[in-house]
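Participant:
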Amino acid sequence: MQKKFKQISIASIPSINYKQTTARVLATSGMLAAAIMMTGCSPTEATQDDAANNGSVETQDIDLLNVSYDVSRDFYKDYNTLFSTDYQKSHPNSKININQSHGGSSKQALSVANGLQADVVTFNQESDMNLLVEKGLVATEWQQALPNNAVPYTSTMVLLVRAGNPKNIKDWSDLARNDIDVVIPNPKTSGTARYAFLGAYGYGLHQFKENSNESPVKTNDFIKKLLANVVTYDNGARAATTSFTQRGLGDVLITTENEAHLAAQQFAKGKVDIVYPSYSIVIANPVAVVTAVTEKSGKTEAASAYLKGLWDKPAQELMAKMYMRPSDEQILAAHKDTLPDIETFEPVAVFGSWAEIMDAFFVDGGRFDQLASTK
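Numbering-wise, the sequence shown is residues 116 to 490 according to my numbering.
(1) Determine the closest residue to Ala-224 out of Val-236, Ile-213, Asn-214, Gln-380, with distance taken between C-alpha atoms.
(2) Whole angstroms are fine: how far does the CA of Met-473 sit from the CA of Leu-246?
(3) Would a check of beta-carbon distances place Ala-224 closer than 8 Å to chain B?
(4) Sorted by chain position, which residues of the same chain lie with C-beta nearer than 7 Å to Val-227's C-beta, five sequence neighbours on each side aside?
(5) Identify the continuous alpha helix (DSSP H) that holds Val-227 and give its terminal residues.
(6) Should Lys-192 be labelled buried (16 or more other beta-carbon atoms within 10 Å of its own) or exposed?
(7) Expressed to the nearest angstrom, what Euclidean distance is found between the alpha-carbon atoms of Leu-342 and Gly-480?
(8) Please state whether DSSP places Gln-215 in a helix, a strand or coil.
(9) Determine the direct distance from the alpha carbon of Phe-382 to that of Ser-209, and round the result to whole angstroms.
(10) Just to confirm, are Asp-176 and Lys-282 a CB contact at a threshold of 8 Å?
(11) Kindly provide the ranges of any beta strand (DSSP E) runs that are 3 or more residues long and lie completely inside the segment 272 to 356, ordered along the chain.
(12) From what residue to what residue does the alpha helix (DSSP H) around Gln-445 run?
(13) Leaving out the 5 sequence neighbours to the left and right, which residues in its chain are closer than 7 Å to Arg-353 when beta-carbon positions are compared?
(14) With H, G and I counted as helix, E and B as strand and the rest as coil, what does DSSP make of Leu-454?
(15) Considering only the alpha carbon of each residue, which of Leu-180, Lys-303, Thr-360 lies closest to Ile-213?
(16) May I ask you to report which of helix, strand or coil DSSP gives Thr-360?
(17) Is the Cβ-Cβ distance between Val-345 and Val-276 less than 8 Å?
(18) Around the C-beta of Thr-304, are 16 or more other C-beta atoms found within 10 angstroms, so that it is buried, or is it exposed?
(19) Considering only the beta carbon of each residue, do Ile-457 and Ser-395 sit closer than 8 Å?
(20) Return the residue from the list Thr-271, Val-298, Ser-288 that minimises the CA-CA distance to Thr-371.
(21) With distances taken Cα to Cα, identify the nearest neighbour of Gly-306 among Asp-243, Gln-258, Ile-211.
(22) I think Ala-399 touches Thr-269, with their Cβ atoms under 8 Å apart; what is that distance to the nearest whole Å?
(23) Does the count of Cβ pairs from the segment 412 to 426 and the segment 309 to 329 closer than 8 Å reach three?
(24) Start and end of the alpha helix (DSSP H) containing Asp-193?
(25) Closest to Pro-441 by CA distance: which of Ala-265, Gly-467, Ser-393 is it?
(26) What span of residues does the beta strand (DSSP E) with Asp-176 cover, start to end?
(27) Determine the DSSP secondary structure at Tyr-421, reduced to helix, strand or coil.
(28) Could you name the residues that DSSP lists as bridge partners for Ala-399?
(29) So, Val-465 versus Val-273, is the Cβ gap smaller than 8 Å?
(30) Per the DSSP calculation, Val-408 is bridged to which residue(s)?
(31) Could you check what DSSP says for Asp-388 in three-state terms: helix, strand or coil?
(32) So, are the CB atoms of Asp-349 and Pro-300 less than 8 Å apart?
(33) Could you check the C-alpha separation between Ala-487 and Thr-459 for me, to the nearest Å?
(34) Among the residues of its own chain, which have a CB less than 6 Å from the CB of Thr-360, if the five just before and after it don't count?
(35) Skipping 5 residues on each side, what residues in its chain have a beta carbon closer than 8 Å to that of Lys-222?
(36) Can you tell which of Gly-218, Pro-331, Gln-240, His-217 has the C-alpha that lies nearest to the C-alpha of Ala-470?
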């Protein structure tokens with residue numbers, strides 16, 4: 116996977132005749148200038164080439180910043196180690212370090228748009244990537260730069276309930292009951308929350324045989340009741356997990372499949388159960404190089420290698436072990452015990468493009484605001 120720098124020092128010149136020294140310096144400078152003009156290289160670059168030819172290249176340290184959504188931190192923590200080790204094997208004179216930034220997907224996208232110097236972005240919603248394309252930070256053809264439209268893995272929305280499921284929650288419809296308290300992140304800052312809302316809304320349309328564009332009265336009534344049961348809107352998905360598992364808020368947390376499994380296995384082992392709804396939404400997790408940043412710093416090659424590595428089998432296996440649905444169908448099939456087949460829908464197939472989804476549901480005064488109310 117990928118790249119190198121070097122600095123030169125000038126040794127002190129022994130005390131000799133001034134005229135001789137000046138002549139030698141001028142001659143050396145003239146030769147160096149001529150070499151630069153002939154090769155088009157800077158003095159530093161010329162020295163790097165000489166060092167490379169002499170087999171004495173210094174190690175180059177490369178720092179990359181991955182700005183990502185909230186609940187991906189556990190996967191990328193392990194993937195970063197996997198990638199760094201592999202990268203150094205193929206680039207023995209380079210050492211790569213990956214820094215992470217995590218939060219609500221849309222909040223993260225805004226941070227990058229406002230100047231956070233991300234080298235790569237790994238979001239959970241296409242609209243967040245589109246914002247950076249509009250700002251000229253990510254290339255317009257970002258989906259063609261990587262396999263599977265630059266989506267290395269997917270997920271879906273599930274329901275996390277208290278151990279033993281004391282409220283007998285079996286599907287989305289139960290979340291509209293009067294005796295249920297719901298925890299989700301804020302759809303204005305969290306991509307996960309938007310998927311939670313759209314997952315419930317898509318279920319309503321499916322259940323009541325309605326169309327989103329044709330005044331779906333029954334679906335709107337169902338969603339209004341569900342939102343009236345929400346006891347907290349956290350900024351991001353991990354904060355919502357904390358509210359549910361550690362603060363004890365709510366009877367059910369609407370969250371991603373991978374976050375629910377991590378909570379059941381680690382954060383709240385023995386205290387929660389996972390309920391798969393009968394019909395849920397596909398979550399695509401797009402990735403891209405922030406070329407406006409990497410081209411200035413000379414890190415495009417390394418950043419591209421970092422993202423391309425997500426499609427390597429070790430990374431795809433790691434995704435499956437972390438309860439994400441890898442794009443490699445064979446690996447996904449091998450993990451059906453923890454990633455079962457479920458009936459899902461693509462949001463763009465039901466609601467239109469992400470631009471249309473955002474305009475219809477999540478702008479100020481949109482359908483989410485219209486249907487949200489206090490309990």
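All C-beta atoms, glycine included, are put in the ideal place defined by N, C-alpha and C.
Facilitator: Considering the structure as presented:
(1) Val-236
(2) 12 Å
(3) Reference to chain B is not applicable here, since this structure consists of a single protein chain.
(4) Val-182, Ala-233, Val-236, Leu-247, Leu-252, Val-405
(5) 220 to 228
(6) exposed
(7) 15 Å
(8) strand
(9) 36 Å
(10) no
(11) 297 to 300, 345 to 349
(12) 444 to 448
(13) Asp-185, Val-186
(14) coil
(15) Leu-180
(16) helix
(17) no
(18) buried
(19) yes
(20) Thr-271
(21) Asp-243
(22) 6 Å
(23) no
(24) 188 to 205
(25) Ala-265
(26) 175 to 184
(27) helix
(28) Thr-269
(29) no
(30) BP columns for Val-408 are empty, so no partner.
(31) strand
(32) yes
(33) 25 Å
(34) Ala-378, Phe-382, Ala-383
(35) Thr-304, Ser-305, Asn-350, Gly-351
(36) Gln-240
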